[in-house]
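Structure record follows, encoded as structure tokens.
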Amino acid sequence: MREITLTAYAKLNLYLDITGRRADGYHLLETVMQSVSLADYVKITLNESGGISVTCSNPLIPQNERNICYKAARLFFEETRGGGADISIEKRIPCGAGMGGGSTDAAAVLKGLNTLCGNAVGNKRLLEIAAEVGADVPFCLCGGTKICRGIGDIISEAPPMADCTFLVVMPNFACSTAEAYQKYDEAPLPVKGKMGEFTASGGEYWRSLYNVFEELYGDPRLSDISDKLRNAGALGASLTGSGAAVFGIFENAEHAAAATREFPTLFTAVCTAVRDEYILHKTEEYV
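Using our numbering, read the sequence shown as starting at 56 and increasing by one per residue.
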């Protein structure tokens, strides 16, 4: 097999707190992430030239060595001592949304290349490479509902999400992750410290959604979206990642679809939880 196409699922942060900062400047996180059915599609074709190329349906995405998928492929081939691939990305996940669009594409590249190369890299080492690529990439390799700590590379099981439907709303602006963390560094917030309470909800995470950046921003445009989602029947609503997408959690798809009428000029997506893990089984260690 020399070609493979993978579904690269977006993620939502159901709980997100910053707990510290490492000496190298990386922030330490405590978060619960959830894979959702909104997805990009990544086609990978092995080539004979030994080079790496990246193309994308969204012209705003870098299509050179600055693309995170290029970095993922380069690190993979450094590990396996050579090879080349042509990578084609069909973007469905909005950019600057905090939904892991780049990270999940990079995870798909690692997963796809490993499959095409006969699983040449073990799961533990693949997760280590993923952490080198980007903070959210290890989770995107695993998928499902996970607790992530450290810089996102220490992964453990969380109770699976209870049955529900998500409505994602993307405002008409994006958020820069680098600028978000800079803003946090200028005015840090106290550690929430509610992870144990949050994960004890039996998967009904909508009861106590939390995102430190939503509190940090205090942006009325984001608050307005959250309020509209709740007024339309959402059980809970929150920012994801460092933004700018906001999601609401609804009892069913019909209620979520009806709520899209509140946002006629904005990007919306009705999606569900993705429960299957990408590469690891529950009996394996997440490192």
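Glycine included, every Cβ here is placed at the ideal spot set by N, Cα and C.
Which of the three DSSP states, helix, strand or coil, is assigned to residue 250? Helix at residue 250.
Residue 347 versus residue 320 - alpha carbon distance: The displayed coordinates of the chain run from 56 to 342. Any statement about residue 347 would go beyond what the structure contains.
So residue 314 and residue 298 are supposed to be a Cβ contact under 8 Å. How far apart are they, rounded? Cβ-Cβ separation between residue 314 and residue 298: approximately 19 Å, too far for a contact (criterion under 8 Å).
In whole angstroms, what separates the C-alpha of residue 345 from that of residue 278? The displayed coordinates of the chain run from 56 to 342. Any statement about residue 345 would go beyond what the structure contains.
Segment limits, alpha helix (DSSP H) that includes residue 126: Taken as a continuous stretch (DSSP letters only), the alpha helix (DSSP H) holding residue 126 covers 123–135.
Residue 181 - containing beta strand (DSSP E), residue span: Boundaries around residue 181 are those of the alpha helix (DSSP H), 178–188, since no beta strand (DSSP E) includes it.
How big is the Cα-Cα spacing for residue 131 and residue 182? Answer to the nearest angstrom: the Cα atoms are 11 Å apart.
Length of the line joining the Cα atoms of residue 339 and residue 203: Confidence in residue 339 is poor, its pLDDT being 42 and thus under 50, which makes the residue's placement too unreliable to answer from.
With a threshold of 16 other CB atoms inside 10 Å of the CB of residue 179, please say whether the residue is buried or exposed. It is exposed - the Cβ of residue 179 has fewer than 16 other Cβ atoms within 10 Å.
Whole angstroms are fine: how far does the CA of residue 174 sit from the CA of residue 296? Cα-Cα distance, rounded: 31 Å.
Excluding the five sequence neighbours on either side, which residues of its own chain have a C-beta within less than 7 Å of the C-beta of residue 238, listed in chain order? Result list for residue 238: 271, in chain order.
Is it true that the segment 188–196 meets the segment 256–270, where meeting means three or more beta-carbon pairs spaced less than 8 Å apart? Contact fails: fewer than three Cβ-Cβ distances are below 8 Å.
Are residue 59 and residue 99 touching if we call contact CB-CB under 8 Å? Closer than 8 Å, so yes.
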